[in-house]
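Everything below concerns the one structure shown next.
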Amino acid sequence: MTTYFSYPSTELQQELRRIANALVAPGKGILAADESTGTMGKRLTSVGQENTEDNRRNFRELLFSCDEARMSKAISGVILFHETLYQKDSAGVPLVNLIKEKGIIPGIKVDAGVKDLFGSEDECTTQGLDNLDQRCKQYKADGCDFAKWRCVLKIGENTPSYQAIMENANVLARYASICQAAGIVPIVEPEVLCDGTHDLDRCQKVTETVLAAVYKALNDHHVFLEGSLLKCNMVTPGQAAPVQATPEQVGLATVTALSRTLPPAVPGVVFLSGGQSEQQATENLNAINQCTAAAKPWRLSFSFGRALQASALKAWSGTNVKAGQEELLGRAEANSLASQGKYGGGVAGAAGAESQFVKAHAY
Numbered sequence: 008m009t010t011y012f013s014y015p016s017t018e019l020q021q022e023l024r025r026i027a028n029a030l031v032a033p034g035k036g037i038l039a040a041d042e043s044t045g046t047m048g049k050r051l052t053s054v055g056q057e058n059t060e061d062n063r064r065n066f067r068e069l070l071f072s073c074d075e076a077r078m079s080k081a082i083s084g085v086i087l088f089h090e091t092l093y094q095k096d097s098a099g100v101p102l103v104n105l106i107k108e109k110g111i112i113p114g115i116k117v118d119a120g121v122k123d124l125f126g127s128e129d130e131c132t133t134q135g136l137d138n139l140d141q142r143c144k145q146y147k148a149d150g151c152d153f154a155k156w157r158c159v160l161k162i163g164e165n166t167p168s169y170q171a172i173m174e175n176a177n178v179l180a181r182y183a184s185i186c187q188a189a190g191i192v193p194i195v196e197p198e199v200l201c202d203g204t205h206d207l208d209r210c211q212k213v214t215e216t217v218l219a220a221v222y223k224a225l226n227d228h229h230v231f232l233e234g235s236l237l238k239c240n241m242v243t244p245g246q247a248a249p250v251q252a253t254p255e256q257v258g259l260a261t262v263t264a265l266s267r268t269l270p271p272a273v274p275g276v277v278f279l280s281g282g283q284s285e286q287q288a289t290e291n292l293n294a295i296n297q298c299t300a301a302a303k304p305w306r307l308s309f310s311f312g313r314a315l316q317a318s319a320l321k322a323w324s325g326t327n328v329k330a331g332q333e334e335l336l337g338r339a340e341a342n343s344l345a346s347q348g349k350y351g352g353g354v355a356g357a358a359g360a361e362s363q364f365v366k367a368h369a370y
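In terms of the numbering used here, the sequence shown opens at residue 8 and continues consecutively.
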């Protein structure tokens, strides 16, 4: 293996580092609003709204036009779907401008969804590398400073397999290197799904194995770790496990897994909610940040979709913009506190206790 390779230029390193650190600034996390047209349609249908471009825009306009002072204190970035990046609000203002005006960083989902791995036990990889370099250059020109790419690993009797772990690790590494070449910070997302009956210990071991493979691949591809972020699952038992875990147990297992696999050079982790209820996700994030069992050289924050939007969507239901915005801001502020280990409860939410679990969830 050759050890002759080039680091990014000093200027590019500085740009990537600046963006990555801004995304995990103390007390701030990411709003994931990158649901595909089909997934957004299911959400809209749940509150009696048709899946039209206008309705998708209306709900996202609600999210992005929240009170600037409150939103900018809790939200550092927003992940957009391609359609949303080029939409305008009801007054003709580009939605991306609503985000930028608040000092919030726009990002973009760049993967093209999962595909079956031939010969595997219902495992998958993620497609979208074709022309990714060209798309990243265009997205950067259009105002996006970071990107997200999701890979999925499933826990079963024989899974995740070596094939699935290595394939997804290498896809994530190739994606990350392409993003960085275009001046875009890659959020690397290897999600170990919570589907199944596995216990906390099994999830921790799988998560450690997956993360170790991902960071070996990132090293092989010479990814600049200081200009990247990790988005991963919290370590939890499967949704159908007979014994669930307390927030303290989730916190310990998650911090332990990270301490064994995640290089200190990475500025931070923005956890996905993985089908937890809004309240569960906040409590577990808080416990992760309160855990003192191992050193935590990274910021440990959030990149929630359903766990930030569920109550807002329910309160809005197509007409009540103000109620929807209040729900989003309240939950964002709760997660801001949790990302600092300071959440003390008291934020119920219109759908706060409702499970957001969707079997084999796809975006």
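Note that CB positions come from ideal geometry on N, CA and C, so glycine has one too. This one's a predicted model, so the numbers in the text were calculated from it and none came from an experiment.
Residue i - containing beta strand (DSSP E), residue span
{"i": "F153", "result": "153-160"}
{"i": "L87", "result": "82-87"}
{"i": "D123", "result": "121-123"}
{"i": "P113", "result": "112-116"}
Where residue i sits in the DSSP three-state scheme
{"i": "V192", "result": "strand"}
{"i": "E198", "result": "strand"}
{"i": "S308", "result": "strand"}
{"i": "K321", "result": "helix"}
{"i": "K107", "result": "helix"}
{"i": "K95", "result": "strand"}
{"i": "G36", "result": "strand"}
{"i": "V277", "result": "strand"}
{"i": "E130", "result": "coil"}
{"i": "P254", "result": "helix"}
{"i": "T326", "result": "coil"}
{"i": "M241", "result": "coil"}
{"i": "K53", "result": "It should be pointed out that residue 53 corresponds to Ser in this sequence rather than to Lys. Looking at S53 - three-state DSSP - the assignment turns out to be coil, as it is neither helix nor strand."}
{"i": "Y182", "result": "helix"}
{"i": "S346", "result": "coil"}
{"i": "S266", "result": "helix"}
{"i": "Q286", "result": "helix"}
{"i": "A314", "result": "helix"}
{"i": "S13", "result": "coil"}
{"i": "S79", "result": "helix"}
{"i": "Q297", "result": "helix"}
{"i": "T204", "result": "coil"}
{"i": "G356", "result": "coil"}
{"i": "G337", "result": "helix"}
{"i": "G351", "result": "coil"}
{"i": "E174", "result": "helix"}
{"i": "A260", "result": "helix"}
{"i": "E42", "result": "coil"}
Chain-order list of residues whose beta-carbon lies under 6 angstroms from that of residue i (same chain, five-residue window excluded)
{"i": "G337", "result": "V354"}
{"i": "P15", "result": "F231"}
{"i": "D140", "result": "I185"}
{"i": "F364", "result": "Note that F364 scores a pLDDT of 49, beneath 50, so its modelled location is shaky; the value from the coordinates is reported in the next line. Closer than 6 angstroms at Cβ, skipping near neighbours: Q246, G282."}
{"i": "G110", "result": "S79"}
{"i": "Q211", "result": "V242, A260, A264"}
{"i": "R64", "result": "Q94"}
{"i": "G258", "result": "A294, I295, C298"}
Element boundaries [alpha helix (DSSP H), containing residue i]
{"i": "G61", "result": "A quick correction: the sequence has Asp, not Gly, at residue 61. First-last of the alpha helix (DSSP H) with D61: 60-71."}
{"i": "K147", "result": "139-148"}
{"i": "A29", "result": "17-30"}
{"i": "Q211", "result": "207-227"}
{"i": "T166", "result": "That residue, T166, is in no alpha helix (DSSP H); it is neither H nor E in DSSP."}
Whole-Å CB distance - residue i paired with residue j, under 8 angstroms assumed
{"i": "V217", "j": "P167", "result": "7 angstroms"}
{"i": "C158", "j": "E198", "result": "7 angstroms"}
{"i": "C143", "j": "I191", "result": "5 angstroms"}
{"i": "I82", "j": "L30", "result": "Not confirmed; about 10 angstroms, so no contact."}
{"i": "L23", "j": "Q145", "result": "Their Cβ separation, rounded to whole angstroms, is 18 angstroms, which puts L23 and Q145 out of contact at 8 angstroms."}
{"i": "V117", "j": "G99", "result": "Actually they are not in contact, since the Cβ atoms of V117 and G99 sit about 27 angstroms apart, beyond 8 angstroms."}
{"i": "G55", "j": "G325", "result": "7 angstroms"}
{"i": "E285", "j": "S318", "result": "6 angstroms"}
Nonlocal neighbours in the same chain, by C-beta distance under 7 angstroms from residue i, ignoring five residues either side
{"i": "A288", "result": "S280, F311, A314"}
{"i": "H368", "result": "Here the model assigns H368 a pLDDT of 49, short of 50, so the residue's position is not dependable, and the following value carries that caveat. Cβ neighbours of H368 beyond the five flanking positions: G282."}
{"i": "A248", "result": "T204, H205, D206"}
{"i": "L102", "result": "R67, E68, F71, T91, Q94, K95, D96"}
{"i": "F153", "result": "I26, L30, G84, I112, G114, I191, V192, I194"}
{"i": "S235", "result": "A27, A183, V192, P193, V195, V273"}
{"i": "G348", "result": "N293, N296, Q297"}
{"i": "L19", "result": "G190"}
{"i": "R4", "result": "This structure gives no information on residue 4, because the portion of the chain shown stretches from 8 to 370."}
{"i": "E334", "result": "S318, A319, A322, G356, A357"}
Same chain, Cβ closer than 8 angstroms to residue i, neighbours up to 5 away in sequence not counted
{"i": "E42", "result": "R50, F88, G312, Y370"}
{"i": "A345", "result": "T289, E290, L292, N293, N296, F309"}
{"i": "K107", "result": "P113, G150"}
{"i": "L160", "result": "E130, T166, P167, A171, I172, N175, P197, E198, V199, L200, V213, V217"}
{"i": "T17", "result": "none"}
{"i": "S343", "result": "G34, K35, G36, K80, A81"}
Sheet register partners of residue i (DSSP bridge)
{"i": "I135", "result": "Inspection of the sequence shows that residue 135 is occupied by Gly rather than by Ile. G135 is not bridged to any residue."}
{"i": "L236", "result": "I194"}
{"i": "P101", "result": "K95"}
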